[in-house]
Amino acid sequence: MLSQPRVMLIEDHLVVAEWLIPLVEAALNTRSLTHHACFADAKAGICAEKFDVFLVDLGLPDGDGTDLISLIKQTQPNASCIVTTIFDDAEHLFPALHAGADGYLLKDDSREEFTAGIVGILAGKPPLSASIAQMMLQQFRPQTSPEDQPLTARETDMLCAIAKGLSVKEAAEMLSISPHTASGYIKTMYQKLHINSRAEATAKAIRMGVIRHS
Numbered sequence: 001m002l003s004q005p006r007v008m009l010i011e012d013h014l015v016v017a018e019w020l021i022p023l024v025e026a027a028l029n030t031r032s033l034t035h036h037a038c039f040a041d042a043k044a045g046i047c048a049e050k051f052d053v054f055l056v057d058l059g060l061p062d063g064d065g066t067d068l069i070s071l072i073k074q075t076q077p078n079a080s081c082i083v084t085t086i087f088d089d090a091e092h093l094f095p096a097l098h099a100g101a102d103g104y105l106l107k108d109d110s111r112e113e114f115t116a117g118i119v120g121i122l123a124g125k126p127p128l129s130a131s132i133a134q135m136m137l138q139q140f141r142p143q144t145s146p147e148d149q150p151l152t153a154r155e156t157d158m159l160c161a162i163a164k165g166l167s168v169k170e171a172a173e174m175l176s177i178s179p180h181t182a183s184g185y186i187k188t189m190y191q192k193l194h195i196n197s198r199a200e201a202t203a204k205a206i207r208m209g210v211i212r213h214s
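214 is the number that the UniProt record's numbering gives the last residue of the sequence shown; the numbers go up by one with no jumps.
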């Protein structure tokens, strides 16, 4: 690993960025870190400067971080590009890896796990959070029916919130995430459960035992 690598952190949530910046600086032994909070600024920075490591959030307010991964690999192919996200589903994982991501870490991991993940990826070790590796294995196991697509814990929380009548904004506030991220969870949850409406979500939640019928 390079001494004092130049790092770009792409993260829209200020609180998360404030948690990540000192963690990344300590893990990579660097003080050369640039932070961008939106797609547009990150894109401009990628085109203007060279970096050794990129940490990319997928759910940005003005664009999809996956598109930034493709841009990074086109313009700076020797840089390491690590996804740092809350999305622990195949719908986000596989497009990110296909775009060229060198690793995929969850921000829900502990500080120790997250730090070990960054260092490990740059050292050539398996580039995934442990839970993501398990999910990938599950994806390649035989599926008996379209219904056999379990929800993640966060998707289950969103199903419960939607079934109880909360708006997307209210559900996002309850889970301390952005409305954009909440919408992404809802889309994925609808796809996994093969539903298309709030009424279907409520019925599915009752059958799954997520909420009780009143």
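From the three backbone atoms N, C-alpha and C, an ideal C-beta is built for every residue, glycine too.
Bear in mind that the values here come from a model prediction, so they are computed numbers and not experimental data.
Outcome for residue i when other beta-carbon atoms lying within 10 angstroms are tallied against a minimum of 16
i    : result
S129 : buried
P77  : exposed
V53  : buried
T188 : buried
Q143 : Annotation note: pLDDT 49 at Q143 (below 50); position unreliable, no value reported.
G117 : buried
R111 : exposed
E18  : exposed
P150 : exposed
L105 : buried
R154 : buried
Nonlocal neighbours in the same chain, by C-beta distance under 7 Å from residue i, ignoring five residues either side
i    : result
H180 : G59 and P61
I195 : A201 and K204
V210 : T156, L159, C160 and A163
T66  : L58, P95, A96 and A99
T152 : D88 and D89
M25  : Here residue 25 is Glu; the residue named in the question, Met, does not match the sequence. Taken in chain order, the residues that qualify are R31 and L33.
P127 : D102, G103, Y104 and I121
Distance, residue j Cα to residue i Cα
i           : j    : result
C38         : G45  : 11 Å
E173        : I186 : 14 Å
A48         : A203 : 51 Å
S3          : N29  : 7 Å
K192        : A123 : 35 Å
E91         : G184 : 10 Å
S167        : R207 : 21 Å
V7          : S176 : 27 Å
H36         : S131 : 27 Å
A40         : D64  : 11 Å
A5          : D108 : For the sequence presented, residue 5 should be read as Pro rather than Ala. Approximately 25 Å between the Cα atoms of the pair.
residue 215 : G165 : There is simply no residue 215 to check, as the chain begins at 1 and stops at 214 in what is shown.
D148        : L93  : Its pLDDT being 47, under 50, D148 is placed unreliably in this model, and the coordinates cannot settle the point.
T75         : Y190 : 36 Å
residue 215 : V16  : Since the first residue shown for the chain is 1 and the last is 214, residue 215 is missing from the structure and cannot be characterised.
For residue j and residue i, believed in contact at Cβ under 8 Å, the rounded distance
i           : j    : result
F114        : L23  : 7 Å
residue 234 : A182 : Residue 234 lies beyond the stretch modelled for the chain, which goes from 1 to 214, so this question has no answer here.
F51         : A27  : Actually they are not in contact, since the Cβ atoms of F51 and A27 sit about 16 Å apart, beyond 8 Å.
V83         : A101 : 5 Å
L20         : K43  : About 20 Å; that fails the 8 Å criterion.
Contacting residues, own chain, Cβ-Cβ under 8 Å from residue i (five flanking each side not counted)
i    : result
S197 : none
S178 : D12, H13, G59, P61 and A172
S70  : A99 and G100
E170 : A161
A199 : none
Beta-carbon contacts of residue i that lie in its chain and below 6 Å, excluding the five residues immediately before and after
i   : result
L55 : L9, I82 and T84
K73 : G100
*Those runs of the alpha helix (DSSP H) which lie wholly inside the UniProt domain "HTH luxR-type" (144 to 209) and span at least 4 residues*: 153 to 163, 168 to 175, 179 to 193 and 198 to 208
*Tell me the start and end of each unbroken alpha helix (DSSP H) in the segment 100 to 142 that is at least 4 residues and wholly inside, in chain order.*
111 to 122 and 130 to 139
*Enumerate, from N- to C-terminal direction, the unbroken alpha helix (DSSP H) stretches of 4 or more residues contained entirely within the segment 13 to 86.*
14 to 28, 39 to 48 and 65 to 75
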